Amino acid sequence: MTKELDLKIDLAISQLNVLLGLTEEKDKNDKRDLSTKLQDRINGFLKYREDNKITETFKGQLFVPKLEVKDTSCYWLYVKYGLEVLHLIHTTFYERYHKDKLENEIFGVKDLKNVHMLIETIICWGLYPSLMKGVGISLGKRVNSNILKNQEEIINKSQEKDWKKIYNICQCFNDIMENFTGYLNATTVQSIILQKYIPDLYSGLLQLGYAPLGKPINKNEQINQKPEISGPVITPTTPGQISASNLNHPITPANLASSMEKLSINQNNDRIIYKEKSIQMFNNIYIKIDPYYSIQALTLLLGSSINQSPLWLKVICGRYLSKTLLRSNGLRKLLEFMIQPTTVDDELPSINALEKMARLVTTVPWQASSVEDYCSVISNQIFEILLNESSIHPSIVKASAFISVKLIQKYPSFIKKYLIDKIIIPLTEFSSIDAKKQMNKQISENLDDIDSNIIKSESEIKNAIMAIHLLLIGNEPCIELMNMLSGAVIPLYFIYELASQNGSNLKTDVYDILSVYFRIVKPELSITLLKTLLYYYENTLQDKMFAPGPTGGIVLKSIDDPNIKVSINPDIYVEFLKLIDNADLISSLFLQLLFEWKFNRDDIDKDSSSNENMKIMTTIQVIMKIIEKIGHSIIKKPDDILSFVKNMLVGEENDVESLTIALSLLETTLVECPTLSNPDILDEIMAILQTLNTHEVKEIREVSKDLRTMIIAQKKINSSLNNGKTVTKQRKDSEEQFKQAMKDMADELLPVRAHGMTQLRNMILKRNEVANENLDDIIKIFLNQIEDQDSFIYLNAVKGLSALTDIHPFKVIPEILKIYKKPNNGNQNQMDYRLRLGEALLQTIQRAGDTFGKYVDIIVPDIFIVLHDDSPEMRNSALSLLSMICETCPLSLTRYFSRITEYVLDLLALDKVTTSRRGAVGIIVSLLRGLGTSNTIQTIPTKTLKRIETTLSYIEAVDTDKLIRYNARVGLDDLHTIIKLTLFPESIN
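Terminal number for the sequence shown in our numbering: 1023, no gaps in between.
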């Protein structure tokens, strides 16, 4: 049997090759026209069939057209036999591979190409010549063969338009698709038709079934008669209107045939009969194939601004597109066609594209019996997309969520009923009482089943949360949606608590939902819900709770123990309020809780009910935690807060937790309340903060340092700066600039504070009058900021101090040196602070250059103090300063030369620290070069020069560090050169 079927397949493919002329010998000198070649090819084809007894072999399997076509041209004959061959190929392959599903179909690549060519030829020479103008896709856009392209105009002019040809071709294609049951079991020919030729098949069937049968109506009548057309049409242009005898009803696929029948002129009954059969064939294929292919085909047939389709075709295509939307999975297929997703990494649709899709879907098509029915169908499809979002392209899910919001805004009651309530029902069961009776029955019947009290499974809870998340996150705010979700807020919060405790990955998604909800809904509703959560244990009817599921998720289960009460966790509750970050909401809630506590606190006694006691204790507990964790959201009386902070700082110096709370409240008050009715209290707090500068806890030191800066800035912002002087415009601008810089310095954002320092630095460099008057405060600010751990801040502070030393050296340099030379006493932070001040001094020395001499007696003595510091890092810093002085202004060190050289030479002899030794050699080299160029080397005692030479020679010979040996060699060379030039100046030339 298999061999017989294989033989039939070979015969069918051989007929294809003969018909396409693949068995002919190619002759380059063949000058015959196409029609002659076709006739010879047809004759060869008929001879092959006769020689191989094709009719007998394939008895009952050959395609027999229903209608007889009188055209005897070579083009139509070629198409006629092509249909037989195509049908035969499909039939033989179906019987061999698909009928019993024994093996996978084997179809050669060349054979596949040839089948494509045959179908293209059938479409171009058989179908398109008989189609009306504007129906179908232009041949030039879809055909790859140059022969077929060149023949388009000839065929359209020479061939008579015959509806019977269209019917026979569509009948063949319909027969091929008759046994189509699914895409996995489709034959190759079926797959080719589905993927590429559905638009052609539709164009033929729609013309046969719906095109007007008679002459067209007068143009003027068409203009005056404009029936209303409802329902979405996927086309970039307006579909227009269609003339009909009944103008009060839109044209529908159901009544179009009867409408057109009235227009027929001298048409025989066969045309009417086959019109109905064509509609039936179209509907069979339309229902059988995937909606995606129908959407693609109908959209293509609608035409474009360049290729205008007939009005009747636009109407019919629009109607069937609307009908596609109502089919199962129709919405998803529509979105897939409009978005055309390829990979998961594709960009999401633009807002304009989403709006276009939403307008299409929110328009109720004429086929829907009512708006409610349409909303029900669309809601079910959206629900399925949201439910299976993990297996659907993100663009489709995003578009579905966007469309859902638009539907909610347009049809709120219906979408709530059929979509939102359906999504949140696993959550709202939490507060429902109806399920209790059912559960009691289940428990009594399934006592041995440990999971029998589970009401909603892990997957149901997760799917509900993910669906809500998709609707809310990334979509435009929709108050109607928020109101619909209100019933799920309390269950979602308890899921959030449980997820926070057991580390469930649902926590983030639930928080996203709740944060969006509380940000959009009215504060009154938010406070009501938050208080309901707080006192939820008062609900005596509660019979369900959320619990960990068997596989790590969350389930809803019934409560078996009547003593179990569902209540909030105060810590998680306050943390949640903090995450919401809504100061107005938290402040209002806090005030109401204070009122609740004040009103009920006296009721705690032995006669009070346990619920009442629990309510009061819960209230005060939450109040205290709000003050502790999110006090910045509740500050209404800053002076009272500052008094509290002051007392706490004085009485709780050793309590780190209390100090942390006090400093946090102080910072919040300074940031949130720039204007104080009693600013003098800041002076008292400033003095207390100064004592925390040496606190053992690093965080306390850093925060107190920042707060000192903020207090200085705050006082300057609130005080008058003119000091009784006449206020000119320039003075006023300077004051505003200074106040703005101080505001920036008080800001908690690092870039803003850096900007404030830059402003102050610029004012200093310009010798601004206001800056000069507030010089002490500016110095304090920069000295404070240089302690900051962030390099962005302290480097700006270094620049600021350098600017101060340039403009006000005799006031600022001593202030810096006072801290720079102060011992660390084992405090690492103090040493880091001193090193940063050393950077500021280094920049000052570098910029002073030859003018450094006037500061030498201020700086150098303190440098010698630091040279004897216990810390190697500080000694290296001092050496760096000396080295810079030697390079920039060596003459200023003339009277310190002996002291410097003795220290450096002793260091090289005794100190084993490599970095210090490198610095010492560097100082010698810099000093020799500086003094040598100024011809003052003669003032140096010969004994000192001899010791320098001996030390450098020894170091060059024995030191283990390559860099030190190299610098020693350089120093020796410089020393010898200087001595030579001093003794023999004529050797310069």
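Quick reminder that beta carbons are idealized off the backbone N, C-alpha and C, glycines included.
Predicted, not measured: the structure shown is a model, and the values here were computed from it.
Judged by DSSP secondary structure, I602 falls outside any beta strand (DSSP E); it is assigned neither H nor E.
In terms of Cα proximity to E983, the closest of S950, L997, L942 and V947 is L942.
In the three-state scheme derived from DSSP, where H, G and I count as helix and E and B as strand, P582 is classed as strand. Distance from the CA of D145 to the CA of L117, rounded to the nearest whole angstrom, comes to 16 Å.
With respect to T885, N910 sits apart: the two C-beta atoms are not nearer than 8 Å. According to DSSP, residue pairing for L111 in a beta bridge does not occur. The alpha-carbon separation between N213 and I323 amounts to approximately 12 Å. Y867 is positioned such that its CB atom lies closer than 8 Å to that of I820. Classified as exposed, D767 has fewer than 16 neighbouring CB atoms from the shown chains inside 10 Å of its CB. In the three-state reduction of the DSSP assignment, K591 falls in the strand class. One alpha carbon belongs to N858, the other to L869, and they sit about 11 Å apart. Taking 8 Å as the cut-off, the Cβ atoms of G160 and W110 count as close. L979 is the residue among A882, I660 and L979 whose C-alpha sits nearest the C-alpha of I1013. For K147, the enclosing alpha helix (DSSP H) starts and ends at V143 to T155.
When rounded, the separation of the alpha-carbon atoms in K612 and S384 is 34 Å.
As summarised for the segment 483-553, the continuous beta strand (DSSP E) elements at least 3 residues long and confined to that stretch are 488-490, given in chain order. Residue burial is scored here from C-beta neighbours: Q314 has fewer than 16 other C-beta atoms within 10 angstroms and is therefore classed as exposed. Within the same chain, C351, Y354 and L355 come within 6 Å of L332 by CB-CB distance, once the 5 residues on both sides are set aside. The Cβ-Cβ distance between S905 and G956 does not fall below 8 Å. Under the three-state reduction of DSSP, Q880 is assigned to helix. The beta carbon of F816 lies closer than 6 Å to those of A831, G834 and L835 in the same chain, with the five residues before and after it left out.
Distance from the CA of Y131 to the CA of L45, rounded to the nearest whole angstrom, comes to 16 Å. The residues I614 and N616, in chain order, have a CB closer than 8 Å to that of R553 in the same chain once the five nearest residues on each side in sequence are set aside. By the neighbour-count definition (other C-beta atoms within 10 Å, threshold 16), H427 is a buried residue. Looking at the backbone, the Cα of S491 and that of V544 are separated by about 17 Å. Under a 10 Å Cβ-count criterion, A991 is classified as exposed, with fewer than 16 other Cβ atoms of the shown protein chains found around its own Cβ. A residue is called buried when at least 16 other Cβ atoms come within 10 angstroms of its Cβ; I502 meets this threshold and is buried. The continuous alpha helix (DSSP H) containing C920 extends over residues P906 to T922. A residue is called buried once 16 or more other Cβ atoms fall within 10 Å of its Cβ, and D234 is buried on that count.
About 7 Å separates the Cβ atoms of V523 and L548, confirming a contact at the 8 Å cut-off. DSSP places W400 in the coil class of the three-state scheme, outside both helix and strand. Looking at the backbone, the Cα of K739 and that of I745 are separated by about 10 Å. Under the three-state reduction of DSSP, V223 is assigned to helix. DSSP places K444 inside the alpha helix (DSSP H), whose first and last residues are P428 to K444. Excluding its 5 nearest sequence neighbours in each direction, E531 has C-beta neighbours in its own chain below 7 Å: I602, N603 and I606, listed in chain order. When DSSP states are grouped into helix, strand and coil, P460 belongs to the helix group.
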